[in-house]
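Working notes, structure below.
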Amino acid sequence: MDAFTLNPVLKIKDSVDVYVSMTETDVCTIQFYHINTRQKLSIQIDPAFSELLSVFDGIHSLSTHLERLDFELDADELKSTLQYLIDNGVLEHPSHIDQNSRYSRQINFLSDWIFGVPAEVAHKRILDTHCVIFGIGAIGSSIAISLARAGVSKLTLVDNKKLEQHSSERHPYFSKSELGQPKVHALKRYLLRINSEIDVIGIQDKLLPLTDLSGLVDDASLVVNTADEPYIGHTSAKLGRYLWRKNIPLYVAGGFDAHLMSTGDFYIPGESNCVDCSTNFFTVALADWKPSYKIHESSITKTHVIGGSGGLYSMSLFSASYGCVQLLNYIAGGNAYKSRLSKRGEFMTGKGEIEWIEIPARDVCDVCGK
Amino acid sequence: MSVENKVYRLRSCIALVRRGALIEFFDSNLRVGFSLDLKYSNIVELLQQFDGLMTVASIGALYPEVLLNELSDLVEFLHSKYVLIEIDEEYEQSSLHSFPRLINTLESYFHSTSAINNSLRKGWSGNVLIVGLGAVGTWVLHSLVKAGVKNITVMDDDIVEESNLHRQDLFFEADIGTPKVSAAYNNIKTSYGTGLYTYIKKMQSVEDFEQLPCIPDMIINCADYPSVDHTSKIVSDFCLKNRISHIIGGGYNLHLTLVGQVVIPGVTACFHCFDKVLTPINAAELFGVKKLNRKYRKIGSLGPLCSISASITATEAIKLIFGVPLEFMGVINKRLEFNLKDFDFGAFSVQRNVDCEYCS
């Protein structure tokens with residue numbers, strides 16, 4: 009790699025802490041710590057190298073530093089060590105991001121989180137995303153807001169409801185002045201206040217068994233489903249089969265009733281199991297589970313059941329945020345999201361931990377292959 | 127009053143599942159449950175009679191084959207397990223209208239409607255101070271407002287910058303250049319009609335709290351300047367001296383993945399109890415180690431990662447301010463760390479040091 013013959017300008021990434029300790033008289037251990045992701049890397053090397061590292065400023069070239077420090081290092085060893093540190097995200101050729109620009113902090117984060125592509129490229133993938141969201145209640149709208157803040161430039165919102173007083177408990181875009189307004193219009197106005205250049209399409213409609221999806225999702229890079237009426241399993245099955253054939257990923261968000269702080273299910277054609285496999289898994293796993301509930305209807309609101317479903321904004325925010333971390337990792341070109349494919353977690357608020365279940369693919373499935 | 131004359135309601139979020147001789151009771155809000163060996167075949171139907179209107183005795187009269195004292199024992203047990211809630215007060219109509227989910231959430235934590243009414247009064251009138259309106263503080267603030275908490279003071283001296291918008295709640299393009307506390311005040315006032323106490327100040331010492339109009343019931347530290355250890359120590363010093371519950375927030379610069387602990391002075395491990403355990407660990411890792419210092423360093427951040435941390439902090443804060451019993455808290459005597467490689471939490475537990483010179 010011959011960036012080195014060109015006498016590179018290098019710097020240690022802003023997101024990396026460097027610790028140096030003398031192990032023996034002629035060897036030191038240098039530990040690199042990625043503060044954003046909390047990953048560690050260590051090397052053992054000539055102490056002179058740590059002096060060189062400490063002067064990398066992203067301004068002066070390698071040869072300038074070597075002359076100034078006035079010492080001899082084996083050129084090949086130096087070259088391979090520097091290349092190793094570049095490959096592992098410790099050293100970089102300085103970029104020229106305006107540090108005060110809107111997404112500078114996120115781009116810095118991506119440089120630590122997404123290996124193999126420059127952070128600006130990873131960020132551009134986020135900007136170029138078109139996400140279609142079905143259902144913009146507490147979860148769907150929190151996802152829309154989080155993605156819009158992260159830079160996603162096109163969002164299509166599908167929902168047929170209007171904002172009511174009790175929406176104020178969990179809908180982040182609730183405002184007294186929007187009471188009675190269609191949710192898609194209220195959220196669109198909210199998103200445009202975050203970023204006036206964003207393209208938001210609001211569709212005041214409901215996903216039904218006969219809904220024609222082609223005009224809605226064919227252009228999407230990603231679809232999020234939070235539509236839990238009549239039942240999230242049904243809306244997801246319809247979307248899942250269609251999108252699998254179109255090779256478009258589907259994220260079925262968590263956070264709905266009885267799963268108030270759950271993680272979502274990410275269906276990626278060719279990578280994960282499919283919605284039908286999940287449905288089948290739960291049908292079998294819950295074959296004995298025949299719950300009865302006593303419904304005490306409220307005289308106040310038709311939708312409210314006294315003693316029924318709870319939930320707080322902070323809880324739906326958990327599910328939405330967890331989902332967006334997965335989605336942004338996927339969109340930006342990371343690998344970490346793969347660790348939770350075909351798994352569902354429930355955050356237990358009384359324990360401070362996530363309980364996981366595995367959702368295996370079926371041996372034979374006519375949707376996702378085999 | 128004896129159990130027979132009391133009125134209970136079977137909570138709608140409790141799933142009753144018959145599995146052979148066992149009946150499973152599953153709270154679908156908390157996702158916790160237990161099973162009882164109840165052979166009586168009509169038990170589900172009987173329990174569903176608990177509608178919040180009839181007394182235990184009048185329900186018992188519908189099932190003459192069930193002995194009233196046995197029914198009373200069962201009712202007492204299911205009441206203690208949060209399956210049946212005692213109806214000894216009405217809820218306010220306005221509370222049900224605006225906060226149905228909050229009330230349903232609280233029903234998993236209290237034994238009677240009067241206890242819930244007390245909890246609502248306590249939470250809605252509680253004084254909360256949030257220090258720092260950044261990538262954690264803004265989401266926590268919004269969460270508290272949405273749960274109806276009215277007496278919130280926010281302390282921050284920054285102005286909204288364009289580079290804040292990708293990770294902070296409550297701020298919009300139109301707010302760029304205005305003080306954060308003013309932008310938060312205006313946006314909350316417009317959306318919810320409720321105010322905030324705003325305090326333009328960068329917290330630098332314990333004295334900064336002395337200018338507050340009243341001593342808060344709870345302080346949430348979401349400030350990380352110059353470092354979160356520095357700000358947490360100030361908050362901790364003030365709170366331990368005044369016996370104030372507090373939360374060491376996470377999700378801040380250099381430590382985006384942390385969810386800090388809830389501290390109830392004299393009851394749970396405090397900042398110093400943690401410090402006593404953490405210092406030797408950090409010292410061992412850093413023995414003979416020199417940190418390379420670098421100028422002009424800029425730190426990265428990811429919005430939803432900060433709001434994962436904020437969402438847990440806010441949920442804990444809401445439980446605390448509404449007086450939810452400690453057994454239901456999730457982040458006491460421990461702090462959580464979100465691992466970005468496998469997308470799960472790890473916990474670091476510390477028990478309270480009974481000899482701690484700060485909190486004992």
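Taken in order, these protein sequences are the chains called A and B. Quick note, the first sequence lines up with residues 9 to 378 if you use this note's numbering. Quick note, the second sequence lines up with residues 127 to 486 if you use this note's numbering. Ideal Cβ positions, reconstructed from N, Cα and C, are used throughout, including at glycine.
Cβ-Cβ separation between Leu224 of chain A and Val140 of chain A: approximately 6 Å, consistent with a contact (criterion under 8 Å). Identification of chain A residues near Arg478 of chain B by a Cβ-Cβ cut-off of 8 Å yields none; the smallest Cβ-Cβ distance measures about 17 Å. For His131 of chain A, the enclosing alpha helix (DSSP H) stretches over residues 127–135. At a cut-off of 8 Å between beta carbons, His312 of chain A contacts chain B. In the structure shown, Ala473 of chain B falls within a strand segment according to DSSP collapsed to helix, strand and coil. Residue pairing of Pro305 of chain B in beta bridges, as defined by DSSP: B:Ile285. Inside the stretch 309–391 of chain B, DSSP marks whole beta strand (DSSP E) runs of 3 or more residues at positions 323–325, 344–347, 371–374, from first to last along the chain. In the structure shown, the three-state DSSP call for Leu136 of chain B is strand.
In the three-state scheme derived from DSSP, where H, G and I count as helix and E and B as strand, His267 of chain A is classed as coil.
Residue contact check for Gly456 of chain B against chain A: a CB pair falls below 8 Å. For Ser280 of chain A, the CB contacts under 7 Å within the same chain, skipping 5 residues up- and downstream, are Phe274, Leu349, Ser350 in chain order.
DSSP places Asp226 of chain A in the coil class of the three-state scheme, outside both helix and strand. In terms of Cβ geometry, Leu148 of chain B and Asp163 of chain B form a close pair [threshold 8 Å]. At a cut-off of 8 Å, the C-beta of Trp252 of chain A has no neighbouring C-beta in chain B. Here the stretch 221–240 of chain B makes contact with the stretch 312–321 of chain A; the two share three or more CB pairs at distances below 8 Å. Within the stretch 258–276 of chain A, Ala266, Leu268 place their CB atoms closer than 7 Å to a CB of chain B, listed in sequence order.
DSSP, read as helix, strand or coil, puts Asp371 of chain A in coil. Ala141 of chain B carries a strand assignment under DSSP once its states are collapsed to helix, strand and coil. Short of 6 Å from the beta carbon of Tyr27 of chain A, and not among the five residues preceding or following it, lie these beta carbons of its own chain, in chain order: Gln39. In this structure, the alpha-carbon of Thr239 of chain B lies about 10 Å from that of Ser245 of chain B. Under the three-state reduction of DSSP, Phe203 of chain B is assigned to helix.
Taking the beta carbon of Gln91 of chain A as reference, no residue of chain B falls within 9 Å; the closest one sits roughly 20 Å away. Assignment of Val292 of chain A by DSSP, reduced to helix, strand and coil, places it in the helix class. Excluding sequence positions up to five before and after Asn96 of chain A, its CB lies within less than 7 Å of the CB of Leu49, all in the same chain and listed in chain order. Taken through DSSP and simplified to helix, strand or coil, Glu361 of chain A comes out as strand. Under the DSSP assignment, Ser161 of chain A falls outside any alpha helix (DSSP H); it carries neither an H nor an E label. In the structure shown, Thr405 of chain B falls within a helical segment according to DSSP collapsed to helix, strand and coil. With respect to chain A, the C-beta atom of Lys460 of chain B has a partner C-beta closer than 8 Å. Cβ neighbours of Pro391 of chain B within its own chain (closer than 6 Å, five residues either side excluded): Leu366, Arg369, Cys485.
If only uninterrupted alpha helix (DSSP H) runs of at least 4 residues are considered, those enclosed by the stretch 41–83 of chain A are 55–63, 70–77. Not a single C-beta of chain B is nearer than 8 Å to the C-beta of Leu163 of chain A. Under a criterion of Cβ atoms nearer than 9 Å, the residues of chain A adjacent to Ile444 of chain B are, in order, Leu320, Ser322.
With a beta-carbon spacing of about 7 Å, Val254 of chain B and Asn277 of chain B fall inside the 8 Å limit used to define contacts. A residue is called buried when at least 16 other Cβ atoms come within 10 angstroms of its Cβ; Phe160 of chain B does not meet this threshold and is exposed. In this structure, Val457 of chain B and Ile438 of chain B form a Cβ contact; the two beta carbons are roughly 7 Å apart against a cut-off of 8 Å.
Counting C-beta pairs closer than 8 Å gives fewer than three between the stretch 163–170 of chain A and the stretch 249–266 of chain A, which falls short of the contact rule.
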